[in-house]
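Counting from 313, one number per residue, gives the positions in the sequence shown under this note's numbering.
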Amino acid sequence: MRRILLVMLSALALAPMAHAGTPKDTLVIAVPLDGIISFDPAESFETVSNSSLRNVYQTLAEPNKDDPQKLSPLLARSWQQGETPHSLIFNLNPDARFVSGNPVTAQDVIFSLTRAVKLNKAPSFILGEFGWTPDNIDSQFTALNDHQLEIRWPAQIGQDLALRLLTAPVSSVVDSKTALQHASNNDTGNGWLKTHSAGSGAFSIKQFVPLQALVLEANPHAAPQPHLKRVLLKGVADPGTRRLLVQQGDVDVAYQLGPDQIAALKSDANVRIDAFPSSLVYYLGFNTKNAQQPALGNPALWQAARWLVDYDSIANQLLKGQYRIHQSFLPDGFDGALNTTPFHYDVSKAKAILKDGGIAPGTHIALTVVNQPPYIDVAQALQASFAKADVNLDIQPVAESELWSKMRGRDFQSIFIYWGADYIDPNTNASAFAYNVPGGSKTLAWRVGWDIPALSAETRKAAGESDAAQRRALYTHLQTEVQQSSPFVTILQGAQQVAVRKNLSNVKQGIGVSMLLLDEVQK
Numbered sequence: 313m314r315r316i317l318l319v320m321l322s323a324l325a326l327a328p329m330a331h332a333g334t335p336k337d338t339l340v341i342a343v344p345l346d347g348i349i350s351f352d353p354a355e356s357f358e359t360v361s362n363s364s365l366r367n368v369y370q371t372l373a374e375p376n377k378d379d380p381q382k383l384s385p386l387l388a389r390s391w392q393q394g395e396t397p398h399s400l401i402f403n404l405n406p407d408a409r410f411v412s413g414n415p416v417t418a419q420d421v422i423f424s425l426t427r428a429v430k431l432n433k434a435p436s437f438i439l440g441e442f443g444w445t446p447d448n449i450d451s452q453f454t455a456l457n458d459h460q461l462e463i464r465w466p467a468q469i470g471q472d473l474a475l476r477l478l479t480a481p482v483s484s485v486v487d488s489k490t491a492l493q494h495a496s497n498n499d500t501g502n503g504w505l506k507t508h509s510a511g512s513g514a515f516s517i518k519q520f521v522p523l524q525a526l527v528l529e530a531n532p533h534a535a536p537q538p539h540l541k542r543v544l545l546k547g548v549a550d551p552g553t554r555r556l557l558v559q560q561g562d563v564d565v566a567y568q569l570g571p572d573q574i575a576a577l578k579s580d581a582n583v584r585i586d587a588f589p590s591s592l593v594y595y596l597g598f599n600t601k602n603a604q605q606p607a608l609g610n611p612a613l614w615q616a617a618r619w620l621v622d623y624d625s626i627a628n629q630l631l632k633g634q635y636r637i638h639q640s641f642l643p644d645g646f647d648g649a650l651n652t653t654p655f656h657y658d659v660s661k662a663k664a665i666l667k668d669g670g671i672a673p674g675t676h677i678a679l680t681v682v683n684q685p686p687y688i689d690v691a692q693a694l695q696a697s698f699a700k701a702d703v704n705l706d707i708q709p710v711a712e713s714e715l716w717s718k719m720r721g722r723d724f725q726s727i728f729i730y731w732g733a734d735y736i737d738p739n740t741n742a743s744a745f746a747y748n749v750p751g752g753s754k755t756l757a758w759r760v761g762w763d764i765p766a767l768s769a770e771t772r773k774a775a776g777e778s779d780a781a782q783r784r785a786l787y788t789h790l791q792t793e794v795q796q797s798s799p800f801v802t803i804l805q806g807a808q809q810v811a812v813r814k815n816l817s818n819v820k821q822g823i824g825v826s827m828l829l830l831d832e833v834q835k
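Given below as structure tokens:
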């Protein structure tokens, strides 16, 4: 019966639905799936895959659903200081079980954090905040018994930041027995976990067909049990088609709709538009190390670009209020977020800056963007406004997974994309935008080739500061420096707007990079 069910679900995902209405025990979501690279928590760093991980795996603690500035227990029932201020002892829930039925143990926690550091994939820099490296990670843990462990770290960060780092998806706890059963060439299961799961969350990955469908099935050992038996993420590349599917009742939820699709659905009696706070900030970045276009490393280009963005037109006319103007790297909702907006559209000022900086008229810059809304729409607006200062942006739309690959390999000239918080603390974005040291992690600052030893030192100082007022002041200064003169031009922050069929209830979403909290949705 299960095999037949999977075949039916795959057929549903791979072909257009012919009849309106979805099964009562199944949530069907229309969303582009071209950004997925891996579902391994040690490797996944893209929106849809990371969002799915939060429903498939669990961390020791999590942001409180009602107040994300606070932390709530998850796999750990409690914690206390260890032998030093740079250590914590965690007391695990003895009843927690992986989807395999195996108990969650201290050894699984140690295995998961150790393998993430040693695999050294894209999100490993988050765990690098602890001062953990492949060389020292084996000495950072002690299993006191099967359900209690001590975690230590050499970096000068406090216990509060340490706890928040442990809420990031890369800190998810993996079933070590299952992962090692599927290991190949000493990869600790990475090849298998790219398309499978071994977690203790409300759901597990039952089937993944690249670009087409992701099927999640309720974990029989989850407590409490989710209200739905399964969730189907149906890969739909075209936003207009996503709108039609939710309007017809062929899907329950539609993501990544443009302003025109949202406007068309607001009058539909069977669909509502739910808006959720989002930590995503959208920025234009210049690759200063690109040898083909030396102008990218010229601070005059960065400064002029700040005056060539028509912020008001993009936010309020083009995107019709879905996003708001935001010009600093910390999103609203985070402690210490800078809400000043010192830049506006001023072609004359930009031209003068370009001339004084020696940027030749007619300069061509390739602009890489995701081939989905709002990226294409914003890219075209930027192309038009930059052209008035005789700077030509050549738009290169690509699939989201290709964009991430280009970013991580510095294979781009300029880029318009988002950054989302990995955990609820100012350090999550500061360590991305304002930190780059030789031999360190490949942060956003590294990806654009921005050499900033002084700013990097200040970022580390802020991470280790325990006084709340002083810490806030440090982050204000970091944001101001990046806002005023850097290869990053932050433009927008947006609430996540999602089209939802009105028969759904208890529809919630966190402020981090996430989709719905699938374990809470009811039909």
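Don't be surprised by glycine CBs; every beta carbon is placed ideally from N, CA and C.
Express the C-alpha separation of residue j and residue i in angstroms, rounding to a whole number.
i, j, result
"residue 788", "residue 651", "10 Å"
"residue 426", "residue 734", "19 Å"
"residue 609", "residue 390", "49 Å"
"residue 798", "residue 747", "12 Å"
"residue 688", "residue 601", "25 Å"
"residue 791", "residue 774", "12 Å"
"residue 764", "residue 462", "35 Å"
"residue 466", "residue 577", "52 Å"
"residue 277", "residue 384", "Lying before the first or after the last residue shown, residue 277 is absent from the chain, which here runs from 313 to 835."
"residue 613", "residue 711", "27 Å"
"residue 424", "residue 671", "49 Å"
"residue 760", "residue 377", "34 Å"
"residue 624", "residue 605", "29 Å"
"residue 348", "residue 387", "26 Å"
"residue 300", "residue 393", "No statement about residue 300 is possible, as the shown extent of the chain runs from 313 to 835 and does not include it."
"residue 334", "residue 561", "7 Å"
"residue 428", "residue 437", "10 Å"
"residue 795", "residue 745", "10 Å"
"residue 837", "residue 346", "Residue coverage of the chain in this structure runs from 313 to 835, which leaves residue 837 outside it and unanswerable."
"residue 750", "residue 793", "21 Å"
If I measure Cβ to Cβ from residue i and keep anything under 7 Å in the same chain, skipping five residues before and after, which residues do I get?
i, result
"residue 674", "702, 704"
"residue 455", "418, 419, 422, 461"
"residue 819", "586, 812, 828, 833"
"residue 598", "608, 613, 614, 726, 760, 799"
"residue 382", "376"
"residue 515", "367, 368, 528, 529, 530, 531, 538, 543, 830"
"residue 433", "354, 355"
Under the assumption that residue i contacts residue j (Cβ atoms under 8 Å), give the Cβ distance between them as a whole number of angstroms.
i, j, result
"residue 680", "residue 632", "No, residue 680 and residue 632 are not in contact; Cβ-Cβ is about 25 Å, not under 8 Å."
"residue 442", "residue 475", "Not a contact, Cβ separation roughly 11 Å."
"residue 822", "residue 380", "6 Å"
"residue 584", "residue 573", "Contact doesn't hold; Cβ gap of about 14 Å is too wide."
"residue 563", "residue 542", "That belief does not hold up - the Cβ atoms of residue 563 and residue 542 are roughly 14 Å apart, past 8 Å."
"residue 645", "residue 589", "6 Å"
"residue 288", "residue 643", "Any property of residue 288 remains undetermined from this structure, which presents the chain solely from 313 to 835."
For residue i, which residues from the same chain have a beta carbon less than 6 Å from its beta carbon, with the 5 sequence-adjacent residues on both sides left out?
i, result
"residue 414", "487, 489"
"residue 512", "370, 408, 410, 416"
"residue 685", "551, 570"
"residue 510", "486, 487, 490, 491"
"residue 494", "501, 504"
"residue 566", "342, 554, 558, 811"
Where do the N-terminal and C-terminal ends of the beta strand (DSSP E) with residue i fall, by residue?
i, result
"residue 429", "Residue 429 -> not in any beta strand (DSSP E); alpha helix (DSSP H) instead, spanning 418-431."
"residue 584", "583-588"
"residue 374", "373-375"
"residue 453", "453-457"
"residue 342", "338-343"
"residue 546", "542-547"
First and last residue of the alpha helix (DSSP H) that includes residue i?
i, result
"residue 389", "Looking at the DSSP string, residue 389 is not in any alpha helix (DSSP H); the run it does join, the beta strand (DSSP E), is 388-393."
"residue 687", "687-699"
Spatial neighbours of residue i within its chain, please: CB distance less than 8 Å, with the 5 preceding and 5 following residues excluded, ordered by chain position.
i, result
"residue 692", "707"
"residue 580", "559"
At least 3 beta-carbon pairs within less than 8 Å: the segment 518-525 vs the segment 362-376: no
The segment 458-473 contacting the segment 484-499, beta-carbon criterion three pairs below 8 Å: no
Given 8 Å, three or more beta-carbon pairs between the segment 611-623 and the segment 735-749: no
Segment contact, 8 Å Cβ cut-off, at least three pairs: the segment 546-561 with the segment 340-351: yes
Segment contact, 8 Å Cβ cut-off, at least three pairs: the segment 588-596 with the segment 633-649: yes
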